[in-house]
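The sequence shown stops at residue 565 when you use my numbering, and every number in between is there. All residues carry an ideal CB built from backbone N, CA and C; glycine is no exception. Have a look at the structure below, then the notes.
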Amino acid sequence: MFYHSFLIKYAEIGTKGKNRYIFEDALMHDIRHKLNKIDGEFAIQKEQGRIYVNAKTEYEYDDVIDALSRVFGITGICPMMQIEKCGYDELREKVLAFVKEEHPEQSFSFKVHARRADKHYPVNSDIINADVGYDILCAYPEARVDVHHPDFIVYIEVRQKINVYTRVLPGAGGMPMGTNGKAMLLLSGGIDSPVAGYMIAKRGVTIEAVYFHAPPYTSERAKEKVVELARLVARFSGPIKLHVINFTDIQLYIYEKCPHDELTIIMRRYMMRIAERLAEQDDCIGLITGESIGQVASQTMFSLRVTDEVCELPVYRPVIGFDKQEIVDLAEKIGTFETSILPYEDCCTIFVAKHPVTKPNLKSIQKSEKKLSERIDELFEAAIASDEIIWCDK
């Protein structure tokens, strides 16, 4: 069936009171951005608490549903028949014809849910429910009404026009992009950080990302893997500005000067410092990491406390309480898992100590960092200057 219109449902946006229009406009902008990437021409319009996508040309149905399902802020996508106001008998005929086309099977349970927002329409919701239900039962002798757990619901909304639909396809949920500021994601080639970026983006936060590259210890393939992960997250978040920082000299200097059981923590602290500098340059108001408590030595409560000591910006860790399988499940859901497990090492794993400290002492770490004073500022600025920017979008 060719659907000329889609009703877009949202949830949290509806609670925003007088500011709701800001979120609705942001959602419409995101919808346009996604639909501009597929074949077809569409008009997006807002009307009395409803957002509609109307097809102006031919299009591929699956492409439209895939695009809309990746727009944060949408909770439901309803392919529908939208008709001009008409007489009641004509309305009943059109609804029955729509149901026959949507559900050609003979045996099913259903419910009719009519809502008469336009009180000038001469027939109220209860009568529409009863009459349309009767029409369907007459047309389908094996069908039955089930008001609690029907196979589908026939929705009839009488507004400026009349919307009729029986399918509510799931959306991504969350909040429209850009409605909650911007943050910098520390993106590695692993499973966790792309999931963390997705989760924060789902709350309406625009994402930038930074990847710490360590040639020749990490290959170009490792870098390409991270770029691809950023592109996969961008399918949901919109375009991501990815900063690629050459971290080799800092890592080698830390490796040379500092105790090896503290390497991971000290390297992590310098990554956070660089990420914060980049974040401040681009007006980001927070950092995002994929850390989960206790997953590795650098992610114990003690280690995270020492890591955060170098940051003034807040650090958001959306998977902090997840176990690994929960993170893997989300990675599979958003399509990043298969790329994350490609066997290309990132810069962290090359310099991991055999026995890293799990309960680092802040004073001890600060003392070890003083051994870097001769060159670390110079190396820090050189790392910032090495910033290669790659725009990632899909």
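Next on the checklist: Please give the ranges of any beta strand (DSSP E) in the stretch 286 to 350, keeping only runs that are unbroken, at least 3 residues long and fully inside the region.
Outcome noted: List check, beta strand (DSSP E) in window: 323 to 329 and 333 to 336.
Next on the checklist: At 4 residues or longer, what runs of the alpha helix (DSSP H) sit wholly inside the stretch 388 to 470?
Outcome noted: As far as the stretch 388 to 470 is concerned, its whole alpha helix (DSSP H) runs of at least 4 residues are 391 to 408, 419 to 428 and 434 to 452.
Next on the checklist: Using 8 Å for Cβ pairs, my map puts L206 next to G342. What's the rounded Cβ distance?
Outcome noted: Between G342 and L206 the Cβ distance is about 14 Å, and since that is not below 8 Å, they are no contact.
Checklist entry - Is the CB-CB distance between R330 and D302 below 7 Å? => result R330 places its beta carbon 7 Å or farther from that of D302.
Checklist entry - Can you list the beta strand (DSSP E) stretches of 3 or more residues lying completely in the stretch 183 to 259, in chain order? => result Scanning the stretch 183 to 259 for uninterrupted beta strand (DSSP E) segments of 3 residues or longer gives 213 to 218, 221 to 226 and 247 to 254, listed from N- to C-terminal end.
Next on the checklist: So, at 8 Å on beta carbons, what are the nonlocal neighbours of T377 in its own chain, with the 5 sequence-adjacent residues on each side left out?
Outcome noted: The residues M348, G349, G352, K353, A354, S408 and G409, in chain order, have a CB closer than 8 Å to that of T377 in the same chain once the five nearest residues on each side in sequence are set aside.
Checklist entry - By Cβ distance, which residues of its chain are closer than 6 Å to Y230, with the 5 residues on each side in sequence left out? => result The residues are G211.
Item to check | Residue range of the unbroken alpha helix (DSSP H) whose run includes L550 | outcome: Taken as a continuous stretch (DSSP letters only), the alpha helix (DSSP H) holding L550 covers I547 to A556.
Next on the checklist: Using the Cβ count rule (16 or more neighbours within 10 Å means buried), how would you classify I512?
Outcome noted: I512 is exposed by the Cβ-count criterion.
Checklist entry - Which same chain residues, not among the five before or five after L413, have their C-beta less than 8 Å away from its C-beta? => result L358, E379, A380, V381, Y382, V397, V398, A401, I560, I561, W562 and C563, listed in sequence order.
Next on the checklist: According to DSSP, L357 sits in a beta bridge with which residue or residues?
Outcome noted: Beta-bridge pairing links L357 to V381.
Checklist entry - So what does DSSP say about E509, is it helix, strand or coil? => result In this structure, E509 counts as helix in the three-state DSSP scheme.
Next on the checklist: Measuring only the C-alpha atoms, how far is S557 from F323?
Outcome noted: Rounded to the nearest whole angstrom, the CA to CA distance from S557 to F323 is 57 Å.
Item to check | Rounded C-alpha distance that separates S535 from D432 | outcome: For S535 and D432, the distance between alpha carbons rounds to 12 Å.
Checklist entry - Among I437, T228, R488 and P293, which has the Cα closest to the Cα of T529? => result Considering only alpha carbons, the answer is I437.
Checklist entry - Which residues does DSSP pair with H284 in a beta bridge? => result H284 is bridged to Y326.
Checklist entry - Which residue comes first and which comes last in the beta strand (DSSP E) that contains K180? => result Boundaries of the beta strand (DSSP E) harbouring K180: S176 to K180, taken from the DSSP string.
Checklist entry - Near M472, which residues of its chain fall below 7 Å by C-beta distance, leaving aside the five closest residues on each side in sequence? => result I464.
Next on the checklist: I'd like the list of long-range same chain contacts for H526, defined as Cβ closer than 7 Å, with 5 residues on each side in sequence excluded.
Outcome noted: Result list for H526: D432, in chain order.
Next on the checklist: Which residue marks the beginning of the alpha helix (DSSP H) containing I362, and which one marks its end?
Outcome noted: Membership of I362 in any alpha helix (DSSP H) is not indicated, and neither H nor E is assigned to it by DSSP.
Checklist entry - What's the gap between the Cα of V270 and the Cα of V224? => result Straight-line measurement puts the Cα of V224 at about 21 Å from the Cα of V270.
Checklist entry - From I555, P386 and I362, pick the residue whose C-alpha is nearest to that of F493; which is it? => result Looking at the Cα atoms, I362 is the closest of the given residues.
Item to check | CA-to-CA distance, R439 to E480, given in whole angstroms | outcome: One C-alpha to the other measures close to 11 Å.
Item to check | 7 Å Cβ cutoff met for R392 and Y515 | outcome: Yes, Cβ-Cβ distance for R392 and Y515 is below 7 Å.
Item to check | Beta-carbon proximity list for M346, same chain, < 8 Å, skipping 5 on both sides | outcome: The residues are E183, I184, F194, F243, G244, K373, R374 and G375.
Next on the checklist: Are the CB atoms of I445 and I416 within a distance shorter than 7 Å?
Outcome noted: Taking the C-beta atoms as reference points, I445 is found nearer than 7 Å to I416.
Checklist entry - Which residues in the same chain as D420 place their Cβ atom closer than 8 Å to its Cβ, once the five residues preceding and following it in sequence are excluded? => result Cβ within range, chain order: L550, A553 and A554.
Checklist entry - Taking just the CA atoms, how far does L543 sit from I425? => result Taking the CA atoms as reference points, I425 sits about 7 Å from L543.
Item to check | R476 - DSSP class collapsed to helix/strand/coil | outcome: It is helical.
Checklist entry - Start and end of the alpha helix (DSSP H) containing Y540? => result The question names Tyr, yet the displayed sequence has Glu at residue 540. Residue range L533 to E540 is occupied by the alpha helix (DSSP H) that includes E540.
Checklist entry - In chain order, what residues of the same chain have a beta carbon less than 8 Å from the beta carbon of L434, not counting five sequence neighbours either side? => result Counting only residues of its own chain and dropping the five nearest sequence neighbours on each side, L434 has a CB closer than 8 Å to the CB of I425, Y426, F522, V523, A524 and P527.
Checklist entry - My guess is that S390 and T460 are in contact by the Cβ rule of under 8 Å, so how many angstroms apart are they, rounded? => result About 24 Å separates the two Cβ atoms, so there is no contact after all.
Next on the checklist: I'd like the list of long-range same chain contacts for D454, defined as Cβ closer than 8 Å, with 5 residues on each side in sequence excluded.
Outcome noted: Cβ neighbours of D454 beyond the five flanking positions: K353.
Next on the checklist: Assuming the contact rule is C-beta atoms closer than 8 Å, E447 and L475 should be a hit. Round their C-beta distance to whole Å, please.
Outcome noted: By a beta-carbon distance limit of 8 Å, E447 does not contact L475. Their separation comes to about 16 Å.
Next on the checklist: Could you compute how far the alpha carbon of I215 sits from the alpha carbon of I202?
Outcome noted: The alpha-carbon separation between I215 and I202 amounts to approximately 8 Å.
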